[in-house]
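Chains as they are written, first to last, in the numbering used here: chain Y, 406 to 585; chain H, 24 to 418.
Spelled out as structure tokens, the structure:
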């Protein structure tokens, strides 16, 4: 069954099971991918997806929830969950000494360390900068979609992207210097 | 310059400042990710839909639906029918006025004298009394009110509070009405009602006995028991011809009223008077108002309460062993001289209790003389004296 965005949201507000199922099928893969890339852990990514949809349902139950831009709404929830998780678990510590994150299957140990470094550098950006960078260069979103997610004009997105890349480069260089 | 360069090179998503391209490449190391297991997908979706179903079952209509339902309801009640729009405010006003008063009166019916609602209860009783015209109904009402006062008296004692003088006075008043109404009735009805009075006396006596033992030491208990014993004596018709009951009863009541005979078993007030004379104080003139039917109705509550006597007007007092005992007081509740005499534990026979001959024109002495204050001489013999004077605490 195909729905346009408006119908989907209207039915979702009434907790229509088929519409909710469509939403899950449509957005859960992207959310999982997004979480997996940022967290580097499949279990945590599953938790993130589950929690994102749970919060979405709770919002619908209270009569809140998105009026439009459902995708942006779900990614915002996921992004907040990941940020909270990262803050609470101090991933930086594991980068310095105790590397306990489970490497993704098929990746070598060196790859895993490199990914950990990049991820750690990403979490040194501001929340908006990180969102812009990940969505644009990893998820392949266009500027307009990202602008819709962060509620800013496209030019602001571009500026954020530039500053984010500059800062990321600096952080990665510093990290390499330290490791040498 | 940097801004111009940045603007030109970010027109397309993949157009990035060449100095930053290396960073983008490093970032893309995160692109590969572990594919999600289909089982996990199914499990996650099932859990999500289950939560949705639970939410659907528990959720009430959203606020807009509820608001719409209320607006429809309000329209039907207040606007839908033309007459209702006029009637609704009137009904609301009536409900506020009479519904509230009725609820208060109803709530007051179980109140005790130490409750804020008690005056409401008394008011409703007064109204009921005023609206009761038939003599038979008035008799029943007064019997009921007398029993009610007794129940309040007992409840207060059980709550470790001392009943006020006002309460005893009210009980006395209702009981007096109970006894007087039958005298104006036909013989058969009178006999029947007098038997009911006897039953009431027995019932109230039994109720008094059931009070916890500590209360037996209280003056108020002694007072009430004494009163009841006196009524028991007055309404004892054993061996009396039914045809003469009315006359005998009237005579007994008249004796009580005019001669001021103290109740049986109560130490004579004369005993106090003799004690006074022996102690060098001026002799009291007149007769003590110890009869249930004296001008003040209640000999134990006559006049203004003595300061510190423990019997404030209308109030109740918690029994406390730390209560200050005033001079002459035997139990720490205050020194009402009459009460002190009443509280003696030595039984006095009726012959001992016979008062000395008194002058009929001086109906009362309570308050006329101030035993505790020799500078205030008693009122001259033969002069009527008010019962509202202050009482001395000491002897």
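Using N, Cα and C, we set each Cβ at its ideal position, and we do this for glycine too.
Values in this document were obtained by computation on a predicted structure and should not be read as measured data.
Close Cβ partners of residue i (< 8 Å) along its chain, the five nearest in sequence each way excluded
i: residue 465 of chain Y; result: 417, 418, 420
i: residue 141 of chain H; result: 131, 134, 135
i: residue 158 of chain H; result: 204, 207, 208
i: residue 549 of chain Y; result: 559
i: residue 174 of chain H; result: 230
i: residue 430 of chain Y; result: none
i: residue 263 of chain H; result: 271
Residues of its chain near residue i, where Cβ-Cβ distance is below 6 Å and the 5 sequence neighbours each way are ignored
i: residue 580 of chain Y; result: 522
i: residue 39 of chain H; result: 47
i: residue 460 of chain Y; result: 482
i: residue 254 of chain H; result: 224
i: residue 424 of chain Y; result: 413, 416, 417
i: residue 145 of chain H; result: none
i: residue 221 of chain H; result: 258
i: residue 528 of chain Y; result: 491
i: residue 165 of chain H; result: 197, 200, 201
i: residue 474 of chain Y; result: 553
i: residue 546 of chain Y; result: 540
i: residue 57 of chain H; result: none
i: residue 260 of chain H; result: 268
Beta-carbon proximity check, residue i vs residue j, cutoff 8 Å
i: residue 213 of chain H; j: residue 269 of chain H; result: yes
i: residue 559 of chain Y; j: residue 552 of chain Y; result: yes
i: residue 517 of chain Y; j: residue 573 of chain Y; result: no
i: residue 53 of chain H; j: residue 543 of chain Y; result: yes
i: residue 181 of chain H; j: residue 234 of chain H; result: yes
i: residue 436 of chain Y; j: residue 480 of chain Y; result: yes
i: residue 462 of chain Y; j: residue 70 of chain H; result: no
i: residue 191 of chain H; j: residue 243 of chain H; result: yes
i: residue 143 of chain H; j: residue 128 of chain H; result: yes
i: residue 486 of chain Y; j: residue 448 of chain Y; result: no
i: residue 230 of chain H; j: residue 271 of chain H; result: no
i: residue 539 of chain Y; j: residue 439 of chain Y; result: yes
i: residue 67 of chain H; j: residue 456 of chain Y; result: no
i: residue 577 of chain Y; j: residue 49 of chain H; result: yes
i: residue 426 of chain Y; j: residue 78 of chain H; result: no
i: residue 137 of chain H; j: residue 179 of chain H; result: yes
i: residue 168 of chain H; j: residue 148 of chain H; result: yes
DSSP-derived helix/strand/coil call for residue i
i: residue 546 of chain Y; result: coil
i: residue 471 of chain Y; result: coil
i: residue 76 of chain H; result: helix
i: residue 524 of chain Y; result: helix
i: residue 58 of chain H; result: coil
i: residue 134 of chain H; result: coil
i: residue 69 of chain H; result: helix
i: residue 262 of chain H; result: coil
i: residue 575 of chain Y; result: helix
i: residue 225 of chain H; result: helix
i: residue 445 of chain Y; result: coil
i: residue 516 of chain Y; result: helix
i: residue 434 of chain Y; result: helix
i: residue 48 of chain H; result: helix
i: residue 565 of chain Y; result: helix
i: residue 209 of chain H; result: coil
i: residue 192 of chain H; result: helix
i: residue 257 of chain H; result: helix
i: residue 529 of chain Y; result: coil
i: residue 557 of chain Y; result: coil
i: residue 139 of chain H; result: coil
i: residue 152 of chain H; result: helix
i: residue 40 of chain H; result: coil
Cut-off 7 Å between Cβ atoms - residues of its own chain near residue i, not counting five sequence neighbours on either side
i: residue 44 of chain H; result: none
i: residue 422 of chain Y; result: none
i: residue 567 of chain Y; result: none
i: residue 477 of chain Y; result: 553, 554
i: residue 95 of chain H; result: none
i: residue 275 of chain H; result: 257
i: residue 172 of chain H; result: 190, 193, 194, 197
Item to complete: Assess, as a yes-or-no matter, whether the segment 183-191 of chain H is touched by the segment 208-222 of chain H under the definition of 3 or more beta carbon pairs within less than 8 Å.
Response: Output reads no: the segment 183-191 of chain H does not touch the segment 208-222 of chain H.
Worksheet item: On the three-pair Cβ rule with 8 Å, is the segment 523-539 of chain Y touching the segment 439-456 of chain Y?
Response: Segments in contact, yes.
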